[in-house]
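Undergrad:
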Amino acid sequence: MRVERLGLGQLLLLMLLLLLFLPSVLGLGLSYEYLEEKTLTLAPGEQHFFKLTFQNDEPESVRVSVLLESEIAELVGDAEITIPAETYDTFVYFDIQVPEEATPGSTYRVNYEVLPLEDGEGQVPFTIKYSRWFDVAVAEGEAAVIQEPSDLDNVARDTSLFGSVWITIILIGALLVVVVLAWRRSELLGFKLLGKKEEKKVEKKVEKVPEQRVPTPATIQKPSTTAESSKREEESEEKSIESPENNDDAALVVEKRDEAAPVAEKKEGEAVVAEEKPVVEELPHFDFDPATLPSVGAAPGHEFFFEQRKARTMQELYACLKELPEEEFGRYVSSHKNDISLWIEGSLKLPHYAEKLANTRTKEEMLHALETL
Amino acid sequence: MVPHSGIRQSHLLALPLTLLFLLLLSTPVLYMGLADTDTFSASVTVSNLAPSVYVDVGQSVGGIQGTSSTVYIYFNASDPNGAGDLNTTSAVVTINKTGNTDRTSSGCTVDSDIDVNTRRYNCSVTIYFYDEAGPWTINATILDNTSNTASNTSATISLNVIDSLDVVQNSISFSGTPGTNDIAASPQQQLNNTGNQDYTTVSITGYDFDNAGNTIGVDNVTTNITDSSGLGQTLTSGAPVTVTGSTLPRGDNSLEDIYFWLDVPSGVPSGSYSATSNWVFEAT
Numbered sequence: 079m080r081v082e083r084l085g086l087g088q089l090l091l092l093m094l095l096l097l098l099f100l101p102s103v104l105g106l107g108l109s110y111e112y113l114e115e116k117t118l119t120l121a122p123g124e125q126h127f128f129k130l131t132f133q134n135d136e137p138e139s140v141r142v143s144v145l146l147e148s149e150i151a152e153l154v155g156d157a158e159i160t161i162p163a164e165t166y167d168t169f170v171y172f173d174i175q176v177p178e179e180a181t182p183g184s185t186y187r188v189n190y191e192v193l194p195l196e197d198g199e200g201q202v203p204f205t206i207k208y209s210r211w212f213d214v215a216v217a218e219g220e221a222a223v224i225q226e227p228s229d230l231d232n233v234a235r236d237t238s239l240f241g242s243v244w245i246t247i248i249l250i251g252a253l254l255v256v257v258v259l260a261w262r263r264s265e266l267l268g269f270k271l272l273g274k275k276e277e278k279k280v281e282k283k284v285e286k287v288p289e290q291r292v293p294t295p296a297t298i299q300k301p302s303t304t305a306e307s308s309k310r311e312e313e314s315e316e317k318s319i320e321s322p323e324n325n326d327d328a329a330l331v332v333e334k335r336d337e338a339a340p341v342a343e344k345k346e347g348e349a350v351v352a353e354e355k356p357v358v359e360e361l362p363h364f365d366f367d368p369a370t371l372p373s374v375g376a377a378p379g380h381e382f383f384f385e386q387r388k389a390r391t392m393q394e395l396y397a398c399l400k401e402l403p404e405e406e407f408g409r410y411v412s413s414h415k416n417d418i419s420l421w422i423e424g425s426l427k428l429p430h431y432a433e434k435l436a437n438t439r440t441k442e443e444m445l446h447a448l449e450t451l
Numbered sequence: 265m266v267p268h269s270g271i272r273q274s275h276l277l278a279l280p281l282t283l284l285f286l287l288l289l290s291t292p293v294l295y296m297g298l299a300d301t302d303t304f305s306a307s308v309t310v311s312n313l314a315p316s317v318y319v320d321v322g323q324s325v326g327g328i329q330g331t332s333s334t335v336y337i338y339f340n341a342s343d344p345n346g347a348g349d350l351n352t353t354s355a356v357v358t359i360n361k362t363g364n365t366d367r368t369s370s371g372c373t374v375d376s377d378i379d380v381n382t383r384r385y386n387c388s389v390t391i392y393f394y395d396e397a398g399p400w401t402i403n404a405t406i407l408d409n410t411s412n413t414a415s416n417t418s419a420t421i422s423l424n425v426i427d428s429l430d431v432v433q434n435s436i437s438f439s440g441t442p443g444t445n446d447i448a449a450s451p452q453q454q455l456n457n458t459g460n461q462d463y464t465t466v467s468i469t470g471y472d473f474d475n476a477g478n479t480i481g482v483d484n485v486t487t488n489i490t491d492s493s494g495l496g497q498t499l500t501s502g503a504p505v506t507v508t509g510s511t512l513p514r515g516d517n518s519l520e521d522i523y524f525w526l527d528v529p530s531g532v533p534s535g536s537y538s539a540t541s542n543w544v545f546e547a548t
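From first to last, the protein sequence lines stand for chains A and B.
Taken in order, the first sequence gives residues 79 to 451; the numbers are from our numbering.
Taken in order, the second sequence gives residues 265 to 548; the numbers are from our numbering.
(1) Using a Cβ-Cβ cut-off of 7 Å (strictly less than) and excluding sequence neighbours within five positions of B:Ile391, which residues of its own chain qualify?
(2) Can you list, in chain order, the residues of its chain with a C-beta nearer than 6 Å to that of A:Glu289? Leave out the 5 residues immediately preceding and following it.
(3) With DSSP run on the structure shown, which of helix, strand or coil describes A:Glu423?
(4) Can you find the residues in the same chain that come closer than 6 Å, C-beta to C-beta, to B:Asp540, ignoring five residues on each side of it along the sequence?
(5) Could you give the distance in angstroms between the alpha-carbon of B:Ser415 and the alpha-carbon of B:Ser316?
(6) Apply the 10 Å Cβ neighbour rule to B:Ser536 and answer buried if 16 or more other Cβ atoms are within range, or exposed otherwise.
(7) Report the neighbours of B:Ser541 on chain A: residues whose CB is nearer than 7 Å to its CB, in chain order.
(8) Starting from B:Gly481, find everything on chain A with Cβ-Cβ shorter than 8 Å and list it in chain order.
(9) Provide the residue span of the beta strand (DSSP E) that contains A:Leu448, from first to last.
(10) Below 8 Å, how does it come out for the region 163-175 of chain A and the region 381-397 of chain A: are there three or more Cβ pairs, yes or no?
(11) With 7 Å as the threshold, decide whether the Cβ of A:Val256 is near any Cβ in chain D.
(12) Alpha carbon to alpha carbon, what distance is there between B:Pro451 and B:Asp521?
(13) Rounded to whole angstroms, what is the Cα-Cα separation between A:Phe132 and B:Glu396?
(14) Could you have a look at B:Val381 and say whether DSSP puts it in helix, strand or coil?
(15) Along the chain, where does the alpha helix (DSSP H) containing A:His430 start, and where does it finish?
(16) By the three-class DSSP mapping on this structure, what secondary structure does B:Asp339 have?
(17) Once DSSP output is grouped into helix, strand and coil, what is the label at B:Pro344?
(18) Taking 7 Å as the CB-CB cut-off, is A:Asp173 touching chain B?
(19) Could you tell me the boundaries of the beta strand (DSSP E) in which A:Arg141 lies?
(20) Taking only beta-carbon atoms, is A:Lys207 less than 7 Å away from chain B?
(21) Output, in chain order, the set of chain B residues within a Cβ distance shorter than 7 Å of A:Asp197.
(22) Check each residue of the region 486-508 of chain B: if its Cβ is closer than 7 Å to any Cβ of chain A, include it; give the result in chain order.
(23) For the alpha helix (DSSP H) containing A:Phe407, name the first residue and the last one.
(24) Look at the alpha carbon of B:Thr358 and the alpha carbon of B:Thr352, and state the distance between them as a whole number of angstroms.
(25) So, is the C-beta of A:Leu402 closer than 7 Å to a C-beta in chain B?
(26) Looking only at C-alpha atoms, which of A:Leu146, A:Leu108 and A:Asp135 sits nearest to A:Ile422?
(27) Write down the C-beta distance between B:Asn434 and A:Leu104 rounded to the nearest angstrom, noting that I regard them as a contact closer than 8 Å.
(28) Just the C-alpha distance for B:Ala547 and B:Gln453, rounded to the nearest angstrom, thanks.
(29) Verify whether the separation of the beta carbon atoms of A:Ala121 and A:Ala217 is less than 7 Å.
(30) Could you name the residues that DSSP lists as bridge partners for B:Asp523?
(31) May I have the straight-line CA-CA distance separating B:Gly440 from B:Ile447, to the nearest angstrom?
(32) Checking 7 Å against the spacing of the C-beta atoms, do B:Ser501 and B:Val482 come in under that value?
(33) Does any residue of chain B bring its CB to less than 7 Å from the CB of A:Ile109?
(34) What residues are listed by DSSP as bridge partners for B:Trp543?
(35) Can you round the beta-carbon distance between A:Val233 and A:Val154 to whole angstroms, since I take them to be within the 8 Å contact cut?
(36) Might you give, ordered along the chain, the residues of its own chain that have their beta carbon closer than 6 Å to the beta carbon of B:Asn488, omitting 5 neighbours on each side?
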């Protein structure tokens with residue numbers, strides 16, 4: 079029989095090929111309230127919560143970005159969310175607030191875009207994009223009293239596996255630190271009880287200590303351990319200097335600190351204080367001509383709207399960013415979202431540039447990224 | 265008003281007097297044509313009156329992509345003869361919208377008794393993913409035990425928009441040698457409208473192929489819906505290109521085949537080339 083002649087490897091290959099040729103559907107859907115003539119009519123000052131529900135009938139979860147562009151609407155929920163497999167009730171809200179001074183008869187455009195984030199596999203992977211809009215027409219009349227939707231607190235938040243893994247890693251790391259400190263403390267107690275010196279042990283530990291103290295932002299922002307443990311670490315470092323080998327390690331760490339942040343120059347005893355402060359990396363600046371940025375412009379209505387200005391091109395974006403208060407910047411870019419990157423990808427159709435900016439988190443970083451594109 | 269439940273057998277003398285009193289009381293009301301308003305006590309003995317129906321649904325409901333789902337519609341029915349006179353098995357709800365198939369409840373159950381004359385019914389109606397978004401008129405009907413009919417068509421229910429496009433193949437591939445034209449993609453791509461929107465335009469945004477720095481421009485790819493090699497629209501890297509003639513009206517099994525053809529330029533090094541970014545479908 080044919081099957082009997084096939085080896086295990088061949089069988090596995092055959093199964094893999096069969097899997098590859100099985101149809102694999104990408105099915106992301108949206109559901110939202112029907113609006114006559116795609117227009118929502120509200121009075122000046124009136125508020126409306128527009129619910130956007132995601133449907134995923136596939137056996138795998140899908141991660142999407144939601145980009146909302148409107149001067150009167152804000153996204154309630156995360157800009158990047160995971161739609162679990164075979165679920166139809168993940169949702170976000172658009173909080174629409176018509177200005178009190180809005181003129182009856184005027185309209186506001188609400189643009190939004192939903193795009194899966196994962197890179198597909200295969201030679202030519204596909205994805206689906208939904209670019210949709212509706213108008214908000216301002217009508218005469220008094221604003222109705224709007225109650226917040228009862229499920230407003232249940233909007234989709236970023237619960238990606240990536241995030242969960244990092245949280246798990248951080249928790250495990252914290253647990254390990256606690257265990258190590260507890261062990262060291264008990265060990266010291268043991269030394270005291272036995273009347274022995276701990277030089278040899280300390281030497282071993284010191285090799286690891288400098289690595290833990292490289293002041294990356296993550297470690298600096300972590301809560302401090304007890305004062306006693308800090309003291310113990312200080313003692314350990316003092317002892318480590320006695321060993322030439324350990325001195326080398328310490329020197330290497332200092333170099334890393336220089337590169338990473340000036341704060342790292344502080345003594346270990348001050349580390350607890352330093353941990354309370356955010357570390358802002360100073361990035362190099364040089365004369366930069368914004369005209370070197372792409373001049374492709376967003377379609378009317380698809381500009382990026384800042385509070386005071388709007389940007390149509392990346393050149394205008396750069397100019398806006400230069401004068402943008404850090405506080406306002408934080409409303410567009412945070413550790414959870416990057417509206418500017420999404421806008422560049424969605425409205426300017428410049429995915430490569432969007433990718434370059436996707437991981438920037440501060441205005442300084444974004445300006446630097448733009449200057450070095 | 266004297267509920268008939270207050271009549272007891274022990275009050276044998278009171279019974280004929282009460283009936284006489286009720287008869288006298290109800291006669292002028294019936295004469296005035298107000299029998300179905302507040303004369304239920306009279307109907308016990310005089311006549312059988314038609315039930316009335318109240319529907320309290322006005323909110324929007326959402327369907328589910330690619331399948332059917334159940335909507336529950338509640339209505340109240342009242343009968344001056346008492347809720348017991350309502351024929352539960354006759355309760356039915358139909359929702360309709362011009363241009364669509366009517367959707368009729370598969371069954372109604374008693375949700376609760378509101379009062380002695382009024383009963384709340386819960387009817388389940390199956391809707392389909394391709395049922396048109398927007399307001400549908402609810403027609404709630406019930407008979408009483410003597411086949412008097414009551415119905416109400418004053419309420420509407422709004423079906424949500426379902427914007428849903430299934431891309432049947434997550435990826436496709438081309439295989440050929442440099443200098444070969446019109447290489448068909450394998451497998452062919454297919455789109456399925458699993459929502460209730462009429463898509464009149466389908467666009468595709470393609471990206472170049474890359475192999476360790478060697479590039480095959482996506483402008484070597486054409487697309488069409490007619491399976492005719494080499495003809496169709498040339499893709500442009502990073503910009504949407506409309507696939508001419510592609511439409512996906514709402515409906516069951518609304519499919520569109522999309523074909524891709526590649527001309528491999530002469531002189532490009534052999535190797536495995538992959539798109540530098542996902543190709544993006546968009547339907548509007």
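Backbone N, C-alpha and C define an ideal beta-carbon position, used for all residues, glycine too.
All values derive from a computational prediction rather than experimental measurement.
TA: Result, derived from the coordinates:
(1) Gly327, Ser332, Ser333, Val335, Arg367 and Leu423
(2) Confidence in A:Glu289 is poor, its pLDDT being 37 and thus under 50, which makes the residue's placement too unreliable to answer from.
(3) When secondary structure is reduced to three states using DSSP, A:Glu423 falls in the helix class.
(4) Here residue 540 of chain B is Thr; the residue named in the question, Asp, does not match the sequence. Excluding positions up to five away in sequence, the list reads Tyr471, Asp472 and Asp474.
(5) Spanning the two alpha carbons is a distance of roughly 7 Å.
(6) Exposed, since its Cβ has fewer than 16 Cβ neighbours within 10 Å.
(7) Pro429
(8) Residues of chain A with a Cβ closer than 8 Å to the Cβ of B:Gly481 do not exist; the shortest Cβ-Cβ separation is about 14 Å.
(9) No beta strand (DSSP E) holds A:Leu448; the alpha helix (DSSP H) holding it covers Lys441 to Glu449.
(10) no
(11) Within the model displayed, chain D is absent; protein chains A and B are what it includes.
(12) Cα to Cα, the separation comes out at about 11 Å.
(13) 18 Å
(14) The amino acid occupying residue 381 of chain B in the given sequence is Asn; Val does not appear at that position. Residue state, collapsed to three classes: coil.
(15) Pro429 to Ala436
(16) Note that residue 339 of chain B is Phe in the sequence shown, not Asp. Correct three-state label for B:Phe339: strand.
(17) Shown here, B:Pro344 sits in coil according to DSSP, grouped into three states, outside any helix or strand.
(18) no
(19) Val140 to Glu147 is the extent of the beta strand (DSSP E) around A:Arg141.
(20) Cβ-Cβ to chain B under 7 Å: yes for A:Lys207.
(21) Asn542
(22) Gly502 and Ala503
(23) It spans Glu404 to Tyr410 - the alpha helix (DSSP H) in which A:Phe407 sits, taken as one unbroken run.
(24) 16 Å
(25) no
(26) A:Leu146
(27) 5 Å
(28) 15 Å
(29) yes
(30) Asp is not the amino acid found at residue 523 of chain B; the sequence shown has Tyr there. In the DSSP output, where bridge partners are listed per residue, B:Tyr523 has B:Asn488.
(31) 7 Å
(32) yes
(33) Checking the displayed sequence, the identity of residue 109 of chain A turns out to be Ser instead of Ile. Cβ-Cβ to chain B under 7 Å: yes for A:Ser109.
(34) Answer is A:Phe204.
(35) The Cβ separation is near 5 Å, so the contact holds.
(36) Only Leu495, Gly496 and Tyr523 meet the Cβ criterion.
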